[in-house]
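Under my numbering, the first residue of the sequence shown carries the number 80, and numbering increases by one thereafter.
The structure under discussion appears below in the form of structure tokens.
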Amino acid sequence: MPESWSLSWAAHADAGATLVTFEWALWIALAALAGHVIQRITRLPKIIGYAVVGMVAGWLQLPGARWPLTGVGLFLLELGIAVVVFEAGARLPLRWFRHNPLVLVQSAAEALLTYAAAFLLLHALGIEINAARALAAIAVAASPSVLLRIVAELRAGGPVTDRAVVLTTLNTLYALTLGTALLHTVDRGGGALLASVGYSFAVLGVSALAGFVLAALLALAMRVLQPTSPDTAIVILAAVAACTTVADPLGGSGPLAALVGGVLLKQFHRRPWVWPRQLGTAASTLVILMFVLVSVVAVQGPWTWRAVGVALALLLARAIVKVGSLTLTSFGTGMSVRQTLWVGAALVPMSSVALLLTSQFVATSHTVGAEVATIALPMILLAQLLGAISATAALQRSNEITLPWRRVERAEEGSEGSP
Numbered sequence: 080m081p082e083s084w085s086l087s088w089a090a091h092a093d094a095g096a097t098l099v100t101f102e103w104a105l106w107i108a109l110a111a112l113a114g115h116v117i118q119r120i121t122r123l124p125k126i127i128g129y130a131v132v133g134m135v136a137g138w139l140q141l142p143g144a145r146w147p148l149t150g151v152g153l154f155l156l157e158l159g160i161a162v163v164v165f166e167a168g169a170r171l172p173l174r175w176f177r178h179n180p181l182v183l184v185q186s187a188a189e190a191l192l193t194y195a196a197a198f199l200l201l202h203a204l205g206i207e208i209n210a211a212r213a214l215a216a217i218a219v220a221a222s223p224s225v226l227l228r229i230v231a232e233l234r235a236g237g238p239v240t241d242r243a244v245v246l247t248t249l250n251t252l253y254a255l256t257l258g259t260a261l262l263h264t265v266d267r268g269g270g271a272l273l274a275s276v277g278y279s280f281a282v283l284g285v286s287a288l289a290g291f292v293l294a295a296l297l298a299l300a301m302r303v304l305q306p307t308s309p310d311t312a313i314v315i316l317a318a319v320a321a322c323t324t325v326a327d328p329l330g331g332s333g334p335l336a337a338l339v340g341g342v343l344l345k346q347f348h349r350r351p352w353v354w355p356r357q358l359g360t361a362a363s364t365l366v367i368l369m370f371v372l373v374s375v376v377a378v379q380g381p382w383t384w385r386a387v388g389v390a391l392a393l394l395l396a397r398a399i400v401k402v403g404s405l406t407l408t409s410f411g412t413g414m415s416v417r418q419t420l421w422v423g424a425a426l427v428p429m430s431s432v433a434l435l436l437t438s439q440f441v442a443t444s445h446t447v448g449a450e451v452a453t454i455a456l457p458m459i460l461l462a463q464l465l466g467a468i469s470a471t472a473a474l475q476r477s478n479e480i481t482l483p484w485r486r487v488e489r490a491e492e493g494s495e496g497s498p
């Protein structure tokens, strides 16, 4: 029997790939366990556990996630982002903007001011102008994956939660559009700004077309399939994966196309539909993998004291501008200043979207990309950890979450008091 098992193992087509898959499976399981334990003991979000396990795996040189990301690792990152932003897009109420258009103005102003402040700060710190443009675009990005994960695990709901999800989704749309457009002009000097604007419209147009096709096909499928059916989950995942694969070669952005597809599907399929439970399970696995992957890659960056200092300065400026700009433009948007402060705090996290843009800049220009990665990787890891705590605190202070440990405590008290 041992000899037969050895021959079978040796005859495997790719034993190295099997070992990599085995290691990743163990690390993902460990991350899920660590997230649960950390939340129960410290009452911090589970994302902290995922990120810490990813950091350890990165320090131990976990195979299959070398920087810069390529191949399967890059595709899984894109697919995970696409699934998350598709869900976020499906929550975006376009018709609601007709009754509250100032929210769009508030969102655009926040993104524009964040980009300008980040660029000016980086330029003042001596960062080369092309790298500063790329880093400023990355700084615009919020993290729908972090926010939606926290909202789901804490069962948050209310005006602050809804506004934070809307602004994070719009923020992601701006960052993906601008970041993908900058890939075409990152090595240019004068005139790059105007060229970037032109490419932004092109990227948005191609992605919108791919998203329209995705939404139309899924709307047709919804007429046949039951919303809660496992088949619906398979169709959605397959369609989002296909859209992600096709959009990039056509000059668009795969995750951006998925986001637009989610937004349009909400318009095409106006009947209320339930997110399939099976799709939620698959998406949760992808999200955990994403958080681990982000941390694994981020710790591999060339961490230096100067890079960490610049990253911390950029994070602080970014948080101040996001919170400040949203507060200054809150009048007429239907929210109090206090609520807007908590919304701004929920926009602090950065994670997978920022990592994807960083990876794309590195692949496009080795010179500019290397300087971008030196600052972006520490910034992303710190923002993922600190931002998750910030978003959780914001939702908690707004009294919009149902803490899972409180439900457990109430259940235990009820059982003790029963005869």
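C-beta atoms are modelled at their ideal positions from N, C-alpha and C, and glycine is treated no differently.
Measure the beta-carbon distance from residue i to residue j and round it to whole angstroms, keeping in mind my assumption that it falls under 8 Å.
i	j	result
Leu365	Leu112	At roughly 18 Å, the Cβ-Cβ gap does not stay under 8 Å, so Leu365 and Leu112 are not in contact.
Ile217	Leu436	5 Å
Ala221	Leu426	5 Å
Ala254	Val282	With a Cβ gap of about 12 Å, Ala254 and Val282 do not count as contacting.
Leu503	Val342	This structure leaves residue 503 out entirely; the chain is present only between 80 and 498.
Ala433	Leu200	Between Leu200 and Ala433 the Cβ distance is about 17 Å, and since that is not below 8 Å, they are no contact.
Ala161	Val319	5 Å
Ala187	Phe198	Rounded, the Cβ-Cβ distance is 17 Å, inconsistent with contact.
Leu156	Ser431	6 Å
Ala317	Val265	Actually they do not touch by this definition, with Cβ atoms about 33 Å apart.
Leu226	Val244	6 Å
Pro309	Gly380	With 8 Å as the limit, Pro309 and Gly380 do not qualify as a contact, their Cβ atoms being about 40 Å apart.
Leu191	Val389	That belief does not hold up - the Cβ atoms of Leu191 and Val389 are roughly 22 Å apart, past 8 Å.
Distance check for residue j and residue i, CA to CA, integer angstroms please.
i	j	result
Leu139	Gly128	17 Å
Ser497	Val184	Here Ser497 scores only 38 on pLDDT, less than 50, and its place in the model should not be relied on; the value that follows carries that caveat. Cα to Cα, Ser497 sits roughly 55 Å from Val184.
Glu189	Ala442	29 Å
Leu477	Thr97	Checking the displayed sequence, the identity of residue 477 turns out to be Ser instead of Leu. Cα to Cα, the separation comes out at about 47 Å.
Ala336	Ala195	26 Å
Ser415	Pro223	23 Å
Pro428	Leu296	33 Å
Gly423	Ala144	32 Å
Ala386	Leu304	51 Å
Pro562	Lys401	In this structure the chain extends from 80 to 498, so residue 562 is not present and cannot be described.
Val135	Ala110	10 Å
Val375	Gly411	43 Å
Leu246	Ala211	24 Å
Leu148	Ala455	14 Å
Ser363	Ala326	24 Å
Ile206	Gly340	37 Å
Ile313	Ile229	25 Å
Gln73	His445	No statement about residue 73 is possible, as the shown extent of the chain runs from 80 to 498 and does not include it.
Asn179	Arg242	12 Å
Glu166	Leu338	8 Å
Arg302	Leu249	29 Å
Ser438	Lys125	25 Å
Thr100	Gly137	15 Å
Trp175	Trp382	44 Å
Leu173	Val164	15 Å
Look up residue i in the DSSP assignment and say whether it is helix, strand or coil.
i	result
Asp327	coil
Ala425	helix
Val385	The residue you asked about is not Val; residue 385 is Arg in the sequence shown. Of the three classes helix, strand and coil, the one that applies to Arg385 here is helix, per DSSP.
Trp146	coil
Met414	coil
Glu207	coil
Ser444	coil
Ile127	helix
Thr311	helix
Asn250	helix
Ala221	coil
Ser409	coil
Ala361	helix
Thr259	helix
Val378	coil
Gly236	coil
Around the C-beta of residue i, are 16 or more other C-beta atoms found within 10 angstroms, so that it is buried, or is it exposed?
i	result
Thr323	buried
Arg177	exposed
Leu541	No statement about residue 541 is possible, as the shown extent of the chain runs from 80 to 498 and does not include it.
Ser520	It is not possible to answer for residue 520, since the shown part of the chain is limited to 80 through 498.
Val285	buried
Ile480	buried
Gly152	buried
Leu86	With a pLDDT of 46 at Leu86, under the threshold of 50, the modelled position of this residue cannot be trusted; read the value that follows with caution. The residue is exposed, with fewer than 16 neighbouring Cβ atoms inside 10 Å.
Met80	Bear in mind that a pLDDT of 45 at Met80, under 50, signals an unreliable position, so the number given afterwards is only what the model happens to contain. With fewer than 16 Cβ atoms within 10 Å of its Cβ, Met80 is classed as exposed.
Val276	exposed
Gly328	The residue asked about is misnamed: residue 328 is Pro in this sequence, not Gly. Per the 10 Å Cβ criterion, exposed.
Thr471	buried
Arg417	exposed
Gln118	buried
Arg397	buried
Cβ of residue i less than 7 Å from any chain C Cβ?
i	result
Lys401	Considering every chain present, this structure includes no chain C. It has just one protein chain.
At a cut of 8 Å, does the segment 99-112 reach the segment 367-387 through at least three beta carbon pairs? yes
Count the CB pairs spanning the segment 403-415 and the segment 457-474 that are closer than 8 Å, and state whether there are at least three. no
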